[in-house]
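Student: Would you mind keeping the following structure in view while I ask a few things?
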Amino acid sequence: MTPLASLEFLPNELIQDILVYLEHQAIKRLSLVSKRLRDQCLPLLFYHVKASFSLPGLVALRDIAEAEHLSQHVVWFTYVGTDILDARAHNAEQFSNELYPRRSYAEDETDHYYLTNGRMETFPQYEAVYPAFQPVAEGQRVVLDKGMDMDVIPSALCRFPKLAKLTVRYNMPAVHPRFFTMMNRLRSSSSSRRSSGEEMSLERHLRAVAQGIRQARSSGIHVRTVEFGGSNSDGWSRVDRKWSDYSLSTFSESLRDILEDVEVLRLLRSRAVLNEMCMQSAFAHLREIDMCGFPIDQWRSFETLLNRHANTLRSIQCHRGNLTCEALGSLTKWPHVAQKVVEKQCTFHPRATISQLLLIRSETS
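Quick note on the working numbering: the sequence shown kicks off at 16 and runs consecutively.
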């Protein structure tokens, strides 16, 4: 008998205490031992569900949502939107003749040589580029043609009765190896998408999520914690510019729907979301703002945002930005509100200790 299998003979309370200390893969293996252990493992295995804008990702999300014994455990959902590749990326002839001919490859090769001081071992051969992008592009075409994201995401969110937290990230498509250099040429440009009547990538992803949040709300499911941001591990700054430099004014309705019930808002390199929030009316339940990895560039608008939420805000924190607790304190000198600074871990960088400004209401406020 394996050590994991021996857990089956323990009381449920002890099993739960032990599971908390196990890695995800160990819990997954344990769930295969017996039905009793599987029932104990499912709440942890499906507490946090992730799906990406891809055919496999959306199919997996649909399968989880349609399985009631799994969907009932989902508390946190992460949706990873990606750049939508140019439609020509899954046609070999168009790829090599129009989208990414050898002359473009030669330019990228030269740039890579100088940027890496001649280290070319990480730069792929031209013949390897199309086979890497083709299946991803083909899968995206299936999703777009069938409208799978607009169907699966709203349907899934309505089937997660315990859903309380939503994370929306933006990342590269799942291309292996990760060809950073080629992405600028292979992603579908905004002009080409507009001319063909298609939405920009970020606009589409936000609309799909907003539609899901609306439908979930109509089913009595309210998402109180929302995170926006780029990837914390890929080190690719271009995707972060989607959240940092975009104007989200054309997506304001989608953003409003997503944040309608928000109590805790967390922004990783997501200045554009904050800037758009500054232009909107108050969010009735907002009590905590957690920012990381971007500077405040519209101080007056930010101060207006804080004042607009003077009756609800309880804490604010900023890490790796230009906002200090002293500056925050001067912006939040409100009647009957005391201020206290505490040290805590950064949500996005757990090894970093940061200062959090607590806003404490008096009993008469």
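Beta carbons are placed, not taken as given, at the ideal position from N, Cα and C, and that holds for glycine.
Which runs of the beta strand (DSSP E) at least 3 residues long sit entirely within the region 152–202? Give them in chain order.
Tutor: Those beta strand (DSSP E) runs which fall completely within the region 152–202 and span 3+ residues are 180–186.
Student: Please go through the same chain and pick out, in chain order, the residues whose beta-carbon is closer than 8 Å to the beta-carbon of PRO116, but skip the five residues on each side of it.
Tutor: Same-chain partners within the cutoff: there are none.
Student: For the alpha helix (DSSP H) containing HIS39, list its first residue and its last residue.
Tutor: Counting along the chain, the alpha helix (DSSP H) containing HIS39 begins and ends at 39–45.
Student: Under 8 Å between the Cβ atoms of SER330 and LEU289?
Tutor: No, they are not a contact pair.
Student: Please name the residue, chosen from TYR141, GLY72 and THR182, that lies closest to LEU282 on a Cα-to-Cα basis.
Tutor: Among TYR141, GLY72 and THR182, the Cα nearest to that of LEU282 belongs to THR182.
Student: In the DSSP output, which residue or residues are listed as bridge partners for VAL74?
Tutor: VAL74 pairs with nothing; no bridge assigned.
Student: Which partner residues does HIS334 have in the DSSP bridge list?
Tutor: According to DSSP, HIS334 bridges with CYS307.
Student: Which value, in whole angstroms, describes the spacing of the CA atoms of ALA75 and ALA66?
Tutor: Each residue's Cα considered, the two are about 8 Å apart.
Student: In angstroms with no decimal places, state the Cα-to-Cα distance between GLN402 and PRO176.
Tutor: Since the first residue shown for the chain is 16 and the last is 380, residue 402 is missing from the structure and cannot be characterised.
Student: Assign LEU301 to one of three DSSP states: helix, strand, or coil.
Tutor: Correct three-state label for LEU301: coil.
Student: Identify whether VAL64 lies in helix, strand or coil by the three-state DSSP scheme.
Tutor: Reduced to three states, the DSSP call for VAL64 is strand.
Student: Can you name, in chain order, every residue of its own chain whose Cβ lies under 8 Å from the Cβ of GLN407, other than the five neighbours on each side?
Tutor: Outside the shown range of the chain (16 to 380) lies residue 407, about which nothing can therefore be said.
Student: Does the Cβ-Cβ distance between PRO310 and GLY336 come in under 8 Å?
Tutor: Yes. Within cutoff.
Student: Let me check one thing: in DSSP terms, what residues is GLN371 bridge-paired to?
Tutor: For GLN371, which the question treats as bridged, DSSP gives the partners GLN332 and VAL357.
Student: Indicate whether SER167 and ARG77 have their beta-carbon atoms separated by less than 8 Å.
Tutor: It is Val, not Ser, that sits at residue 167 in the sequence shown. Yes. Within cutoff.
Student: I need the boundaries of the beta strand (DSSP E) containing PHE317, first residue and last residue.
Tutor: PHE317 -> not in any beta strand (DSSP E); alpha helix (DSSP H) instead, spanning 314–323.
Student: Restricting to Cα atoms, I'd like to know which of SER216, LEU178, VAL95 and ARG134 is closest to GLN87.
Tutor: Measuring from the Cα of GLN87, the nearest candidate turns out to be LEU178.
Student: Going along the chain, which residues of its own chain have a beta-carbon closer than 8 Å to the beta-carbon of TYR141, five neighbours each way excluded?
Tutor: Excluding sequence neighbours, TYR141 sits near ARG117 and TYR120.
Student: By how many angstroms is the C-alpha of GLU113 removed from the C-alpha of PRO150?
Tutor: Distance between the alpha carbons of PRO150 and GLU113 is about 18 Å.
Student: By DSSP's criteria, GLU13 is part of a beta bridge. Which residues make up the other side?
Tutor: Past the boundaries of the shown model lies residue 13; the chain is included only from 16 to 380, so the question cannot be answered.
Student: In the DSSP assignment, find the unbroken beta strand (DSSP E) run with THR93 in it and report its ends.
Tutor: 91–97 is the extent of the beta strand (DSSP E) around THR93.
Student: Using CA coordinates, which residue listed in LEU172, ASP160 and ASP164 is at the minimum distance from GLU81?
Tutor: Ranking the options by Cα distance to GLU81, first place goes to LEU172.
Student: From the DSSP output, in three-state form, read off VAL48 for me.
Tutor: VAL48 falls in the coil class under three-state DSSP.
Student: Report the three-state DSSP secondary structure of LEU100 (helix, strand or coil).
Tutor: It is a strand residue.
Student: What do you get for HIS84, buried or exposed, if any count of 16 or more other CB atoms within 10 angstroms of its CB means buried?
Tutor: The residue is exposed, with fewer than 16 neighbouring Cβ atoms inside 10 Å.
Student: Give the secondary structure of ARG117 by DSSP, where H, G and I count as helix, E and B as strand, and everything else as coil.
Tutor: Looking at ARG117 - three-state DSSP - the assignment turns out to be helix.
Student: Consult DSSP for ASP249 and reduce its assignment to one of helix, strand or coil.
Tutor: Here ASP249 scores only 42 on pLDDT, less than 50, and its place in the model is too uncertain to base an answer on.
Student: Let me know the secondary structure DSSP gives VAL288 once reduced to three states.
Tutor: If DSSP states are grouped into helix, strand and coil, VAL288 belongs with the helices.
Student: Between ILE369 and GLN332, is the Cβ-Cβ spacing less than 8 Å?
Tutor: Yes, these two residues count as a Cβ contact at 8 Å.
Student: Can you tell which of ASN27, MET187, MET165 and VAL48 has its C-alpha closest to the C-alpha of ALA225?
Tutor: The option with the nearest alpha carbon to ALA225 is MET165.
Student: Between ASP123, GLU136, SER111 and GLU124, which lies nearest to PRO146 when the distance is taken from Cα to Cα?
Tutor: Checking every option, the nearest Cα to that of PRO146 belongs to SER111.
Student: Per DSSP, what are the beta-bridge partners of ARG376 in this structure?
Tutor: DSSP, once it has assigned bridges, lists VAL352 as partnering ARG376.
Student: Quick check: the Cα distance between ASN106 and THR125, rounded to an integer number of angstroms?
Tutor: The alpha-carbon atoms of ASN106 and THR125 are separated by roughly 26 Å.
Student: Let's see if you can read the secondary structure: which residues bound the alpha helix (DSSP H) around GLU23?
Tutor: Note, GLU23: premise wrong, no alpha helix (DSSP H); not H, not E.
Student: Apart from the five residues on each side of it in sequence, which residues of its chain come closer than 8 Å, Cβ to Cβ, to ASN132?
Tutor: Contacts found: none.
Student: Three-state secondary structure (DSSP) at GLU142?
Tutor: If DSSP states are grouped into helix, strand and coil, GLU142 belongs with the helices.
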